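Position in the sequence shown (first residue = 1) + 359 = the working numbering.
Where a beta carbon is used, it is the ideal one built from N, C-alpha and C, also for glycine.
Predicted model only: the values in this text are computed from it and were never measured.
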Amino acid sequence: MAIKSDAAKIKEAMENSEEIVEVAEESEKKATKKTTKKVEKEEKKLTLMDLPGVGPGAVAKLEAAGIFDLMGLAVLTPPSLSDMAGMGEAAARKAIQAARQMMDLGFSDGLAFAEKRKEILYITTGSKNLDNLLGGKGIQTKSITEAFGAFGSGKTQLALSIAVGVQLPEEQGGANGKAVYIDTEGTFRPERVRQFAEGIGANSDKVLKNILVARAFNSDHQMLLLEKISEMIKDGEPIRLLIVDSLTAHFRAEFSGRGQLADRQQKLNRYLHNLMRLAEQHNLAVYVTNQVMSNPAQMFGDPTKAVGGNIVGHACTYRMYIRRGKKDSRVAKLIDSPDLPDNETVFMIEGDGLKDIAI
Ligand code: GTP
Ligand code: MG
């Protein structure tokens, strides 16, 4: 009896499995189609090894210096490539020219440009008012957003809030990714992240695991950490947000004399360029905080201005000035945006997140 029923079971299973096989075959066909498409795509993806004069040794050196792909190499100058890869300058020039040709680094028409802009992802700040100030959906990828203001104005609180927000799915205002937090001042607070996570009903352990924190001990270290980020992305980490809190503190402390100002600005400029390159190459949102210094020459209004001067001002796509307002509120003012009106809004910092108040 048992045998018979087993046989019946097997028969039944076979009949069913035929259906499964059909479905499987169908999906297999689709999958092969997909993989051939993928292979075709992958075949087109050229690597550093495809460049003339660039062998495995040079690739290893370049990777150690944070250059992983053609785009990274195409934007170098021959002397810096020659330094990094230990090759002659003529060979470096040739490799750069080849990379530029392969990359098609030229002009694109407005429509193609608009098409590229569609890749942009947005990250909610938690406050609708603040999201609206920034164009409706919060901070965006492929740009640098800077918040500057006095101590206690809320720059770090905003950083922690978006480090949580980035992890939300796109339909909930996030970018479905992880955050990297470069902490130069030792002010990253996991307990605050937990409160923000619980505020939106998320598992706080999971949220903390998706924030990769590094303490930067000086400006060189701060530079070096950027190279690590390309490496992590290459290893498959879905990083969508990079926070540098604070952008300028180390630079300001290390180059404090008047005679060092030019050096400081040059280094800061290079750092900002690297940030922008990361943002564009990997579709990341970059959020940086910046201090203010008093400007005794100003007699009316708020006598403060951002550290770093024009270099920071020009490199950041969106600049926001945050200050304390009435009744413990915060006032955020957008300055010099390429596509948004200069505007002002109000929000609150509360235990479980950034909140709106009526304006
Ligand atoms: P610096 O880094 O010193 O330049 O300042 P910052 O702009 O980064 O200040 P930060 O974002 O750390 O803001 C600190 C302020 O946030 C505090 O003075 C509080 O007003 C507020 N804050 C911090 N934690 C909490 C909290 O748990 N609950 C509430 N309600 N407010 C908080
Ligand atoms: Mg801070």
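Rounded to whole angstroms, Glu613 and Ala575 show a C-alpha spacing of 13 Å. Linking Asp468 to Ala638 through their CA atoms gives a straight-line distance of about 21 Å.
Along the region 447-533, the beta strand (DSSP E) occurs as fully enclosed runs of 3 or more residues at 502-507, listed in sequence order. Residue pairing by DSSP places Thr676 in no beta bridge whatsoever. Boundaries of the alpha helix (DSSP H) around Phe555: Pro549 to Gly558. The alpha-carbon separation between Gln456 and Ala449 amounts to approximately 11 Å.
DSSP, read as helix, strand or coil, puts Val434 in coil.
A straight-line Cα-Cα distance of about 31 Å links Arg611 and Gly710. Judged by their CB atoms, Ile479 and Lys501 are nearer to each other than the 8 Å cut-off. The beta carbon of Glu505 sits no closer than 7 Å to any heavy atom of ligand 1. Listed in chain order, the non-local C-beta contacts of Asn488 below 7 Å within the same chain comprise Thr704, Val705, Phe706, Asp715 and Ile718, local neighbours out to five positions each way being set aside. For Ile598, the uninterrupted beta strand (DSSP E) run begins and ends at Ile598 to Asp604, by DSSP. Between the region 539-559 and the region 572-591 there are three or more inter-stretch CB-CB distances shorter than 8 Å, so the stretches are counted as touching. Under the three-state reduction of DSSP, Gly712 is assigned to strand. Distances between the C-beta of Thr543 and the heavy atoms of ligand 2 are all 7 Å or more. A distance below 8 Å separates the beta carbons of Leu627 and Gly667. When rounded, the separation of the alpha-carbon atoms in Asn535 and Asp409 is 33 Å. In this structure, DSSP gives Leu571 an extended state, which the three-state scheme calls strand.
Each of Phe510, Ser688, Met679 and Lys692 was checked against the Cα of Ile503, and the nearest Cα belongs to Met679. Excluding its 5 nearest sequence neighbours in each direction, Asn649 has C-beta neighbours in its own chain below 6 Å: Glu505, Phe507, Leu606, Thr607, Ala665 and Val666, listed in chain order.
Within the region 586-659, complete beta strand (DSSP E) segments of at least 3 residues are found at 598-604, 644-649 and 651-653, given in chain order. The beta carbon of Ala674 is closer than 8 Å to those of Ile503, Asn628, Leu631, His632, Leu634 and Met635 in its chain, skipping five residues each way along the sequence.
Distances between the C-beta of Lys664 and the heavy atoms of ligand 2 are all 7 Å or more. The beta carbon of Pro549 sits closer than 8 Å to those of Leu567, all from its chain and outside the five residues before and after it, given in chain order.
Gln460 has its alpha-carbon roughly 13 Å from the corresponding atom of Leu407.
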